[in-house]
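In short: position in the sequence shown from 1, add 718, done, that's this note's numbering. In this text, a Cβ means the ideal position worked out from N, Cα and C, and glycines have one as well. In this text, all values refer to a predicted model and were calculated from it rather than measured experimentally. So the structure is just underneath, and the comments pick up after that.
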Amino acid sequence: MSERLKQDMNFLEYPLWFQNSRFAAHQDDGYVWRDRDGYVYRTGYNPPTKTDYVFLCYLLLMSQRAGWQEQIETTRYEVVKACGMVPGRGNYDRLKESLTRWQMVGLEFRGIFYDGNAYEVMQFGVLDDWDIEKKTKRLRVKFNEKWLLCIKESTFFKFLDFREIQRLRSALSIRLYEILIKAFQVRKVWEIDAVKLAGKIPMAQEYASDITLKVRSAVKRINEHTSLTILLSVRHRERGKTVLIFEKNKAPAKTEPQNPTPCALEPGLNTVVSLVPKEERTDKTISLVSRWLDKRGSEYVRRNIEYTNQRSSKQNGYQGYLANAFEQGWAEDRPHQTNGLPDIEEGMVVEYEGAQYRIDATGCIFLPDGACMPPGLVRQKLDMGECRVVVDTSGQTCS
């Protein structure tokens, strides 16, 4: 029986589900996510996450096998088992939770869609309704007609392998797999700014170095568990600006180490990490250094590493001491300043393109069209002078 799942490119480009399950679990009153291209994702309940996506893929696969039936009948046991989970009350309840989440999802598109027509606006859901019969425990699921038709009639689509989606397991790997499947439709090499990719996924990480480390791990998993073979390389344009280059059907060198080491890191990070004593170059320390490298620059990082090398001891712990040095600016005469630019913090007001915006709890600003500018991009625009702080977190007006 075929495990190939047809999917319209729009549903690979734009997220139908989100990685952060902890964040999703706290959105009981709903969530709205917007993209600059006019895509709006609304849910009146907790947004779907990786587990919900796997359930949806299997139900969609059942519909396609049955000739694109809008309504399918099955059992909780079949769905849970087919999705690689152990049948039982806990996972049956999780399936019901998932169906509730999908029923509460609404999608909005603008522009040209699957039928070639241009739309001022198009709105539809994913599931219309579902139920479980008390006596027989039969599960009935009815897909939204428009959503199913978008996939069935699409001429701009790709086939996904359901088993590969299951094997990936990692939420980031699955979402990146979707995006790369679409990106490689007409090309073998795809380049994108790291911060922009984080916004497209979307990811919680805001600094290019943190994003790159996470993406490297996801690419490694894709290479190991799917038919895709990808080489990831990195190009630095300027501080805080990192371009990720994905090459299809080009295998990475077999000598690549399992864990990041200074010789496998980007040149700027490699230089400052080499200052850290060899016995202290753990993944956590490298991640800490890379984050502050994007945040403050190489000179700030270098001075605080050297300060820590001179003063830390086994009693106080190297990594903890270094984290405090970065945070408090112990090697600096004036802590928390690099080129006069402050940290991005909640409540800060910045000016961008003639308008003022208040930074929210996630470090984002929301533009007039509803699009979110992620923290990493805000930081970049501050560094480049395209954006400036007008009110700091203490309420003081900045000149």
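- The beta-carbon distance between Trp820 and Leu778, rounded to whole angstroms, is 11 Å. This is too long to meet the 8 Å contact definition.
- Here Cys1105 carries a strand assignment [DSSP, helix/strand/coil].
- Contact between the segment 734-749 and the segment 897-909 is not established, with fewer than three Cβ pairs separated by less than 8 Å.
- Annotation: the continuous alpha helix (DSSP H) that includes Met780 extends over 768-783.
- For Gly762, same chain residues with a beta-carbon under 7 Å away, outside a window of 5 residues either side, are Gly748, Met822 in chain order.
- Per the C-alpha coordinates, the member of Arg1106, Val1108, Lys938, Cys1082 positioned closest to Met921 is Cys1082.
- Just so you know, the alpha carbons of Leu813 and Trp1010 end up roughly 41 Å apart.
- For Gln821, the enclosing alpha helix (DSSP H) covers residues 807-821.
- The Cβ neighbour count for Ser945, taken over all protein chains shown within 10 Å, is under 16; the residue is labelled exposed.
- The distance from the Cβ of Asp879 to that of Phe861 is about 21 Å, inconsistent with a contact at the 8 Å cut-off.
- The beta-bridge partner set that DSSP reports for Trp908 consists of Phe964.
- Around the CB of Ile1004, 16 or more other CB atoms lie within 10 Å, so the residue is classed as buried.
- Assignment of Phe842 by DSSP, reduced to helix, strand and coil, places it in the strand class.
- Each residue's CA atom was taken as its position, placing Val994 and Ile1023 some 7 Å apart.
- Between Leu898 and Ile963, the beta carbon gap of about 12 Å keeps them out of contact (Cβ cut-off 8 Å).
- Residue burial is scored here from C-beta neighbours: Val839 has fewer than 16 other C-beta atoms within 10 angstroms and is therefore classed as exposed.
- Listed in chain order, the non-local C-beta contacts of Lys870 below 6 Å within the same chain comprise Trp786, local neighbours out to five positions each way being set aside.
- According to DSSP, residue pairing for Glu1024 in a beta bridge does not occur.
- Distance from the CA of Val991 to the CA of Asn941, rounded to the nearest whole angstrom, comes to 27 Å.
- With respect to the 9 Å criterion, Arg881 and Glu721 are classified as neighbours on the basis of their beta carbons.
- Taking the CA atoms as reference points, Asn738 sits about 27 Å from Val1068.
- DSSP, read as helix, strand or coil, puts Val994 in coil.
- In its chain, beyond the 5 residues on either side, Val772, Cys775, Ile892 have a beta carbon closer than 7 Å to the beta carbon of Ile883.
- Rounded to the nearest whole angstrom, the C-alpha separation of Ile790 and Pro733 is 24 Å.
- In this structure Phe736 does not touch Thr769 by the C-beta definition: roughly 12 Å separates them, more than the 8 Å allowed.
- Phe842 and Glu1045 have their C-alpha atoms roughly 47 Å apart.
- By alpha-carbon distance to Arg953, the top candidate from Val1107, Tyr1025, Arg1106, Thr930 is Thr930.
- Between Gln725 and Lys864, the beta carbon gap of about 15 Å keeps them out of contact (Cβ cut-off 8 Å).
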